[in-house]
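Peer 1: Quick one: the structure is below, and I'll ask about it shortly.
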Amino acid sequence: MRHNRKVNHLGRKSGHRKAMLSNMASSLILNKRIETTEAKAKALKPYVEPLITKSKEDTTHNRRVVFSYLKDKNATAELFRTIAPKIADRPGGYLRILHTGFRSGDASEMVLLELVCRGGCSRRRSRGPRCRVIYRAYTKKTLPFAGECFFLIFAP
Numbered sequence: 015m016r017h018n019r020k021v022n023h024l025g026r027k028s029g030h031r032k033a034m035l036s037n038m039a040s041s042l043i044l045n046k047r048i049e050t051t052e053a054k055a056k057a058l059k060p061y062v063e064p065l066i067t068k069s070k071e072d073t074t075h076n077r078r079v080v081f082s083y084l085k086d087k088n089a090t091a092e093l094f095r096t097i098a099p100k101i102a103d104r105p106g107g108y109l110r111i112l113h114t115g116f117r118s119g120d121a122s123e124m125v126l127l128e129l130v131c132r133g134g135c136s137r138r139r140s141r142g143p144r145c146r147v148i149y150r151a152y153t154k155k156t157l158p159f160a161g162e163c164f165f166l167i168f169a170p
């Protein structure tokens with residue numbers, strides 16, 4: 015029976031596991047989203063969400079508690095200054111897991127773990143001018159090559 019065996023050890027000793035979770039949490043806070051395996055993301059979620067809840071109340075004690083978990087001054091400052099005001103009215107569920115597929119080397123399931131914020135927590139990459147795809151249907155008589163469809167892309 016698996017009584018009191020809820021923690022996923024991730025195949026690591028406790029010191030390595032704590033350091034890995036701390037580093038992943040700092041990366042998540044600084045970058046707003048990270049790509050990792052599903053098992054690591056599921057282990058990171060209960061590690062980070064209490065820290066985000068503590069960051070809602072900006073006290074010296076809460077900052078020291080969060081810093082003892084993250085061990086990164088910049089990530090702690092980012093959490094209390096920018097992320098906490100954006101999630102102040104949210105009653106939990108600060109992280110979102112999006113499945114992205116399987117890793118080619120070992121077929122491990124990869125996910126995108128990101129912060130959920132109303133005010134736009136995640137950094138958006140600028141893609142330049144937006145492109146739109148226009149589909150033109152050709153009849154068999156006007157189709158240059160039989161059985162093909164054409165997509166015309168225009169940049170405004």
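Mapped onto this note's numbering, the consecutive letters of the sequence shown carry residue numbers 15 to 170. Don't be surprised by glycine CBs; every beta carbon is placed ideally from N, CA and C.
Between the stretch 47-57 and the stretch 71-84, do at least 3 Cβ pairs fall closer than 8 Å?
Peer 2: Pairwise C-beta distances place the stretch 47-57 out of contact with the stretch 71-84, as fewer than three of them are shorter than 8 Å.
Peer 1: Would you decide whether Asp103 is buried or exposed? Buried here means 16 or more other CB atoms lie within 10 Å of its CB.
Peer 2: As a working note, residue 103 is residue 89 in the sequence shown. Exposed, since its Cβ has fewer than 16 Cβ neighbours within 10 Å.
Peer 1: Terminal residues of the continuous beta strand (DSSP E) containing Arg110?
Peer 2: The sequence position of residue 110 within the sequence shown is 96, counting from 1. Start and end: 109-116.
Peer 1: Ignore the nearest five residues each way along the sequence and tell me which others in Arg208's own chain have a CB closer than 7 Å to its CB.
Peer 2: No statement about residue 208 is possible, as the shown extent of the chain runs from 15 to 170 and does not include it.
Peer 1: Determine the burial state of Lys46: buried for a count of at least 16 other Cβ atoms within 10 Å of its Cβ, exposed for fewer.
Peer 2: Position 32 of the sequence shown, counted from the first residue, corresponds to residue 46. Flag for Lys46 reads buried.
Peer 1: Go ahead and pull the three-state DSSP assignment for Glu71.
Peer 2: Translated into positions along the sequence shown, residue 71 becomes position 57. It is coil, neither helix nor strand.
Peer 1: Look up Arg16 in the DSSP assignment and say whether it is helix, strand or coil.
Peer 2: Locating residue 16 in the sequence shown gives position 2, counting from the first residue. Coil at Arg16, not helix or strand.
Peer 1: If I measure Cβ to Cβ from Phe81 and keep anything under 8 Å in the same chain, skipping five residues before and after, which residues do I get?
Peer 2: By 1-based counting over the sequence shown, the position of residue 81 is 67. For Phe81, where only same-chain residues beyond five positions count, the Cβ hits under 8 Å are Lys87, Thr90.
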